[in-house]
Amino acid sequence: MPISGLVITFASQVEEHSAAIESLHEVPEIEIGNASGSKLAIVVDSADKRRDQQIWNMVRELPGVIDLAVAMVAFDEDNETAERESIRNLE
Amino acid sequence: MDAKRRSFLKSAAMAAAGSMVAGNTSLPVVHADQAVDDLPTGEGMTWNKAPCRFCGTGCHVQVGVEDGRVVAIAGDKAADVNKGLLCVKGYHVGGILYGKDRLTNPLLRKDGKLTEIEWDEAIETIAKRIFDSPQTFAFYGSGQWTIPEGYAAQKFMKGGLGNNHIDPNARLCMASAVTGFLATYGVDEPAGCYQDLDECDVLITWGNNPAEMHPVLFSRVTDRRSRGETVRIIDIGTRKTRTTDAANDYLEMKPHGDVAISLGIMHLLIENNNYDKSFVEKHCNFRGAEELTPTLQGEQISEAEFRKRIAKYTPERVEELSGVPADQIRMLADLFGNHDIRITSLWCMGMNQHTMGTAINSLVHGVHLLSGHFGRPGDAPTSLTGQPSACGTVREVGTLAHALPGGRVVANPEHREQCEGFWNLSPGSINATPGYHTVKMFEQFTKPTSQGGDITTMFVQVTNPGQTLPNLNALFNDKQGLEDKFLIVSDVYPTATTVLADLILPAAMWVEKNGVYGNSERRTQQWFKMVDPPGEARDDCWMTIAIAHKLFEMGYEGMKDKDGEFIFAVKNEAGEEIPIWEFDHYYDTNVDKHLFEEYRQFTTMKHKNLAPYDEYVKARGLRWPVVEQDDGSWRETKFRFSGFDDPFVTAGQEFDFYHSSTNDGRAQIWFHEYAPPPEMPDEEFPMWLCTGRVLEHWHSGTMTRRVSQLSRAMPTAYLEMNPEDAKAANIRQGERVIVESRRGKCELPVWIDGRGRPPRGTIFVPFFDETKLINNCTLDAHDPFSKQPDYKKCAARVKKLAEAPS
Ligand code: SF4
Numbered sequence: 001m002p003i004s005g006l007v008i009t010f011a012s013q014v015e016e017h018s019a020a021i022e023s024l025h026e027v028p029e030i031e032i033g034n035a036s037g038s039k040l041a042i043v044v045d046s047a048d049k050r051r052d053q054q055i056w057n058m059v060r061e062l063p064g065v066i067d068l069a070v071a072m073v074a075f076d077e078d079n080e081t082a083e084r085e086s087i088r089n090l091e
Numbered sequence: 001m002d003a004k005r006r007s008f009l010k011s012a013a014m015a016a017a018g019s020m021v022a023g024n025t026s027l028p029v030v031h032a033d034q035a036v037d038d039l040p041t042g043e044g045m046t047w048n049k050a051p052c053r054f055c056g057t058g059c060h061v062q063v064g065v066e067d068g069r070v071v072a073i074a075g076d077k078a079a080d081v082n083k084g085l086l087c088v089k090g091y092h093v094g095g096i097l098y099g100k101d102r103l104t105n106p107l108l109r110k111d112g113k114l115t116e117i118e119w120d121e122a123i124e125t126i127a128k129r130i131f132d133s134p135q136t137f138a139f140y141g142s143g144q145w146t147i148p149e150g151y152a153a154q155k156f157m158k159g160g161l162g163n164n165h166i167d168p169n170a171r172l173c174m175a176s177a178v179t180g181f182l183a184t185y186g187v188d189e190p191a192g193c194y195q196d197l198d199e200c201d202v203l204i205t206w207g208n209n210p211a212e213m214h215p216v217l218f219s220r221v222t223d224r225r226s227r228g229e230t231v232r233i234i235d236i237g238t239r240k241t242r243t244t245d246a247a248n249d250y251l252e253m254k255p256h257g258d259v260a261i262s263l264g265i266m267h268l269l270i271e272n273n274n275y276d277k278s279f280v281e282k283h284c285n286f287r288g289a290e291e292l293t294p295t296l297q298g299e300q301i302s303e304a305e306f307r308k309r310i311a312k313y314t315p316e317r318v319e320e321l322s323g324v325p326a327d328q329i330r331m332l333a334d335l336f337g338n339h340d341i342r343i344t345s346l347w348c349m350g351m352n353q354h355t356m357g358t359a360i361n362s363l364v365h366g367v368h369l370l371s372g373h374f375g376r377p378g379d380a381p382t383s384l385t386g387q388p389s390a391c392g393t394v395r396e397v398g399t400l401a402h403a404l405p406g407g408r409v410v411a412n413p414e415h416r417e418q419c420e421g422f423w424n425l426s427p428g429s430i431n432a433t434p435g436y437h438t439v440k441m442f443e444q445f446t447k448p449t450s451q452g453g454d455i456t457t458m459f460v461q462v463t464n465p466g467q468t469l470p471n472l473n474a475l476f477n478d479k480q481g482l483e484d485k486f487l488i489v490s491d492v493y494p495t496a497t498t499v500l501a502d503l504i505l506p507a508a509m510w511v512e513k514n515g516v517y518g519n520s521e522r523r524t525q526q527w528f529k530m531v532d533p534p535g536e537a538r539d540d541c542w543m544t545i546a547i548a549h550k551l552f553e554m555g556y557e558g559m560k561d562k563d564g565e566f567i568f569a570v571k572n573e574a575g576e577e578i579p580i581w582e583f584d585h586y587y588d589t590n591v592d593k594h595l596f597e598e599y600r601q602f603t604t605m606k607h608k609n610l611a612p613y614d615e616y617v618k619a620r621g622l623r624w625p626v627v628e629q630d631d632g633s634w635r636e637t638k639f640r641f642s643g644f645d646d647p648f649v650t651a652g653q654e655f656d657f658y659h660s661s662t663n664d665g666r667a668q669i670w671f672h673e674y675a676p677p678p679e680m681p682d683e684e685f686p687m688w689l690c691t692g693r694v695l696e697h698w699h700s701g702t703m704t705r706r707v708s709q710l711s712r713a714m715p716t717a718y719l720e721m722n723p724e725d726a727k728a729a730n731i732r733q734g735e736r737v738i739v740e741s742r743r744g745k746c747e748l749p750v751w752i753d754g755r756g757r758p759p760r761g762t763i764f765v766p767f768f769d770e771t772k773l774i775n776n777c778t779l780d781a782h783d784p785f786s787k788q789p790d791y792k793k794c795a796a797r798v799k800k801l802a803e804a805p806s
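Which chain is which? The protein sequence lines are U and H, in order. Be aware that the first sequence starts at 1, since it is given in UniProt numbering, and climbs by one per residue. Be aware that the second sequence starts at 1, since it is given in UniProt numbering, and climbs by one per residue.
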């Protein structure tokens, strides 16, 4: 259940991108934070890593978004290990 | 996760993101604790600083630790390098500690099977092999070694064993940058720094893809555009990449075309009388290679001779050689001829992994020197590094087969004497003959002893040559079946290298140990151990010291200094020796600090002065030379050789190349004749093959492929192909093919119009995937000076899997 603090950079001032902001509001896992200039803070709190990735991709594809940077990521207790074991151990 | 903890983490994430938004401007380097102010502690969580474990950019992160485990990573907004930003790899850097298959016990191959053993047996086994044949032992290290780790390995080999067979994987990624700097300025490492990226008007990327390989640096540039500044990006490359997407101009060159392009720019600057005469007259010499036996020193040539040699590199001739239209060469020359703008050049492996690597590095420096685009903020030729401490550990500590710490070399008797003095060794302890460079070292290891293969034991630390060496079949896989050869590998996960290892040692990584790295802009950065390594995993530096002490106990003379003391002896305040060779006592003292302070003595010899260890504890890194001020504070240097910033420039001088190889304070502008690549496509192998990296994975993928987000985002290596070539060969998107060269083959899925877009006749394969070893195909031909192999161009063919002979 990943939680991440992200910074979206828009091509111009954040308030000029109302359609994108609206799309962000529609995603229940996203909480919108401060904006300043072309940058906007959000937090994504998703149920699993796959959903986290979907949201990440969706945000990156929004019109006007030119960059998505990570400010913080929190790990779960049992997490972040690859689903695949190393090929060497499977041999 | 309970609701209270969840809401705490959410507020921490929002605070981190919010502070980056608020701090949209550049931030100064500040002292350690300031930056964590707005990252909430509580619920048992503490934060501490560390540089990122991956590329040479040297971003700083804040590491959140709870119950002995890394639970959060935040960009460090107090860090001057990244100002709170991280790329997708840095964001997941905490996850690399927790792959399911961490190595946790020493494993010895007995009757073909890996068997768990105790550390004592492991250390004894290694010491015994070295004791029995010290001169056939080789140590293969890394630009991922911390500075103390590399320094300990260097002292162990060159001081303790009198054996110079130590070389790092950085030989494969930036050795030509070193020789290019040495040939030009007489001293290694860039004069400029990342501030150049904030101030340049034009950024030229030479065969370089910083959008994926140094993403945080690239976003420093693109961020300027979002703030309304103008910066023109010119991408010179052999394929379109994400960097091209952001570039104003894309100049597509043929492999080796960079040599012709730089000669063409210099030709036009001279021809049009458009070069910076005053800068050249005051601060430069002209230099060419000797005809019979070329050296890094070269021979002096006159400006008239330089003009004569460069005359044939007309834009039209350069177009023929490089494939870049003559008008574009004129455009570049006009830009360099304009002194009112600032130009920064960036390069990395595209330029270094080149059989003319030293030449092309020197030529690009020459373009900047001839045009006077040097030494003002924004005007700089800058080589980036791929590993976090390629500069700090390899170049500064000198963990190369010919080098000693602090820019000294083994071949120079005075340098050996100085080094023996610092190490309190008997005169003559250091061997005067350079050891084997990487390619030679592995050739000698994989060649049967009876046929002259005189390396019989190899210790590999913090790197994965079984995946990253070129021409793997010849340089690595041939080890198989050679009974008397013994491969020791210390790593954190099983790798392509551990497959052939006889002894595997489980290593501690990143914040499981203390460390110091040196990044691409001469910045030295320190961190402390924050969590314990799993199982029996231990620090690499400890391993080296424990082996040294075992040899000392066995009576090996070299492990004693002149006074009979252990060469790594550390004493407490009462003058008693602390048994740091016993792991239980390794952290009784800060071994890193002891080694760093000893190493620091060497750094003043080539004006690479480092500050005391404790200064780095307080800072987010400091760029050397770092010089003490009258008030006792320490000042870093951003722009070397420039009078306005560099404390070692003679007072009153605007520029001073104080390590000039001609001893006259001048830099060298080199002429090198264009030479064709070592292997060209032909009828049998009609395509150019280039290898490289992707954003999501770091080098051989050992760490990043164990982070599920990164692994899922880029699960497998692939072959990039031009759509026209694919159509002509009846190959469709996703289809599996065999790519084959004269040296080996590799099976891959095809990606057409994917991340990168290669031109017709060329293919690209990333090397991160251990299940698809593209280095079976690459070439081990190397630069004559730097000995760095050319991974960027060789002849290959592509066949549909169904059509390929089995
Ligand atoms: S750019 Fe390099 S150093 Fe910075 S976060 Fe990414 S991988 Fe780490």
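For each residue, glycine too, the CB sits at the ideal point set by N, CA and C.
- ligand 1 heavy atoms versus the CB of phenylalanine 476 of chain H: any closer than 8 Å? Phenylalanine 476 of chain H Cβ: outside cutoff for every heavy atom of ligand 1.
- Message: Using beta carbons (cut-off 9 Å, strictly below), is methionine 58 of chain U in contact with chain H?
- Response: The beta carbon of methionine 58 of chain U does not come within 9 Å of any beta carbon belonging to chain H, so the residue lies off that interface.
- Query: Fully enclosed by the segment 85-117 of chain H, which alpha helix (DSSP H) runs are 4 residues long or longer?
  - Reply: Entirely contained in the segment 85-117 of chain H, the alpha helix (DSSP H) runs reaching 4 residues are, in chain order, 88-91.
- Query: Using a Cβ-Cβ distance under 9 Å, would valine 489 of chain H count as near chain U?
  - Reply: Residue-level contact by beta carbon fails for valine 489 of chain H and chain U, as no gap is shorter than 9 Å.
- Task: Below 6 Å CB to CB, which residues in the same chain sit around alanine 138 of chain H once its five sequence neighbours on both sides are set aside?
- Result: For alanine 138 of chain H, where only same-chain residues beyond five positions count, the Cβ hits under 6 Å are His165, Met441, Ile455 and Met458.
- Query: Hey, how far is the Cα of alanine 260 of chain H from the Cα of methionine 266 of chain H?
  - Reply: Taking the straight line joining both Cα atoms gives about 10 Å.
- Residues in its own chain within less than 8 Å of lysine 158 of chain H by CB, not counting five upstream and five downstream? Around lysine 158 of chain H: Asn164, Ile166, Leu404, Val410, Cys419, Ile430 and Asn431.
- Message: Would valine 7 of chain U and leucine 62 of chain U be called neighbours here (beta carbons separated by less than 9 Å)?
- Response: No, they are not a contact pair.
- Message: Strictly by DSSP, which residues pair up with glutamine 62 of chain H?
- Response: The beta-bridge partner set that DSSP reports for glutamine 62 of chain H consists of H:Lys49 and H:Ala74.
- Alpha carbon to alpha carbon, what distance is there between glycine 407 of chain H and alanine 191 of chain H? Cα to Cα, alanine 191 of chain H sits roughly 16 Å from glycine 407 of chain H.
- What's the C-alpha gap between alanine 326 of chain H and threonine 314 of chain H? When the Cα atoms are used, alanine 326 of chain H and threonine 314 of chain H turn out to be separated by approximately 8 Å.
- Item | glutamine 629 of chain H in three-state terms, based on DSSP | Assigned with DSSP and collapsed to three states, glutamine 629 of chain H falls in coil, not helix or strand.
- Query: Who are serine 383 of chain H's beta bridge partners in DSSP?
  - Reply: Serine 383 of chain H is bridged to H:Trp347.
- Message: Quick test of your reading: threonine 358 of chain H and glutamine 144 of chain H, contact by CB under 8 Å. State the CB separation rounded to the nearest angstrom.
- Response: Not confirmed; about 24 Å, so no contact.
- Query: Can we say the segment 756-766 of chain H touches the segment 656-663 of chain H, given the rule of at least three CB pairs closer than 8 Å?
  - Reply: Pairwise C-beta distances place the segment 756-766 of chain H out of contact with the segment 656-663 of chain H, as fewer than three of them are shorter than 8 Å.
- Proximity of isoleucine 774 of chain H and alanine 717 of chain H at Cβ, strictly below 9 Å: Contact flag set, yes.
- glycine 744 of chain H versus H:Pro677, H:Asp340, H:His92 and H:Leu472, residue with shortest Cα-Cα distance: Of the candidates H:Pro677, H:Asp340, H:His92 and H:Leu472, the residue whose Cα lies closest to the Cα of glycine 744 of chain H is H:Leu472.
- Query: Comparing the CB of phenylalanine 54 of chain H with every heavy atom of ligand 3, is any distance shorter than 8 Å?
  - Reply: With respect to ligand 3, the structure shown offers nothing to examine, as its ligands consist of ligand 1.
- Item | Neighbour flag for valine 43 of chain U against chain H, beta carbons, 9 Å | Put simply, the CB of valine 43 of chain U is near chain H, with a gap under 9 Å to one of its CB atoms.
- Item | Proximal residues, the segment 691-717 of chain H versus chain U, C-beta separation under 9 Å | Within the segment 691-717 of chain H, the qualifying residues are Thr702, Arg705, Arg706, Val707, Ser708, Gln709, Leu710, Ser711, Arg712, Ala713 and Pro715.
- Message: So, for alanine 153 of chain H: in the same chain, excluding its five sequence neighbours on each side, which residues have a beta-carbon less than 6 Å away from its beta-carbon?
- Response: Closer than 6 Å at the Cβ level, and outside the excluded window around alanine 153 of chain H, lie Phe139, Gly141 and Thr544.
- What number of angstroms, rounded off, separates the C-alpha of valine 627 of chain H from the C-alpha of tyrosine 250 of chain H? Going from the Cα of valine 627 of chain H to the Cα of tyrosine 250 of chain H covers about 42 Å.
- Message: Suppose you measure from the CA of asparagine 361 of chain H to the CA of serine 302 of chain H; what does that come to, to the nearest Å?
- Response: Cα to Cα, asparagine 361 of chain H sits roughly 21 Å from serine 302 of chain H.
- Task: Using the DSSP secondary-structure output, state which residues sit across from isoleucine 669 of chain H in a beta bridge.
- Result: DSSP output for isoleucine 669 of chain H lists H:Phe286 as bridge partner(s).
- For leucine 695 of chain H, collect the residues of the same chain with a Cβ closer than 6 Å to its Cβ; drop the 5 residues on either side in sequence, then sort them by chain order. Scanning its chain for C-beta atoms nearer than 6 Å, with the 5 sequence neighbours on each side dropped, one finds around leucine 695 of chain H the residues Glu212, in chain order.
- Cβ-heavy atom distance, tyrosine 791 of chain H to ligand 1, below 8 Å: A distance criterion of 8 Å places the beta-carbon of tyrosine 791 of chain H beyond contact range of ligand 1, judged by its closest non-hydrogen atom.
- Query: In chain U, what lies closer than 9 Å to serine 226 of chain H by C-beta?
  - Reply: Result: Thr9, Phe10, Ala11, Ser12, Gly37, Ser38, Lys39, Ile66 and Asp67.
- Task: Using a Cβ cut-off of 9 Å, pull out every chain U residue sitting near lysine 10 of chain H, in sequence order please.
- Result: Under a criterion of Cβ atoms nearer than 9 Å, the residues of chain U adjacent to lysine 10 of chain H are, in order, Ile3, Gly5, Glu31, Val43, Asp45 and Ala74.
- Task: Go ahead and label alanine 78 of chain H buried or exposed: buried means 16 or more other beta carbons lie within 10 angstroms of its beta carbon, across all protein chains shown.
- Result: Under this definition alanine 78 of chain H is a buried residue.
- Message: Distance cutoff 9 Å, beta carbons only. Does cysteine 55 of chain H sit that close to anything in chain U?
- Response: At a cut-off of 9 Å between C-beta atoms, cysteine 55 of chain H does not count as an interface residue with respect to chain U.
- Please check the pair valine 71 of chain H and alanine 74 of chain U, which I expect to be a contact at CB under 8 Å, by giving their CB distance rounded to whole angstroms. Their Cβ separation, rounded to whole angstroms, is 6 Å, which keeps valine 71 of chain H and alanine 74 of chain U in contact under 8 Å.
- Query: Quick one: what's isoleucine 234 of chain H bridged to in DSSP?
  - Reply: Under DSSP, isoleucine 234 of chain H forms a beta bridge with H:Ile204 and H:Asp249.
- Message: Measuring only the C-alpha atoms, how far is isoleucine 504 of chain H from proline 106 of chain H?
- Response: For isoleucine 504 of chain H and proline 106 of chain H, the distance between alpha carbons rounds to 6 Å.
- CB of isoleucine 294 of chain H to nearest heavy atom of ligand 1: below 8 Å? Sequence check: residue 294 of chain H is proline here, not isoleucine. Because no heavy atom of ligand 1 lies under 8 Å away, the Cβ of proline 294 of chain H does not count as near it: no.
- Message: Suppose you measure from the CA of leucine 384 of chain H to the CA of glutamate 521 of chain H; what does that come to, to the nearest Å?
- Response: Rounded to whole angstroms, leucine 384 of chain H to glutamate 521 of chain H spans 8 Å at the Cα level.
- Item | Contacting residues, own chain, Cβ-Cβ under 7 Å from serine 741 of chain H (five flanking each side not counted) | In chain order, Phe685, Leu689, Cys777, Cys794, Ala795 and Ala796 place their CB closer than 7 Å to the CB of serine 741 of chain H, counting only its own chain and leaving out the 5 sequence neighbours on each side.
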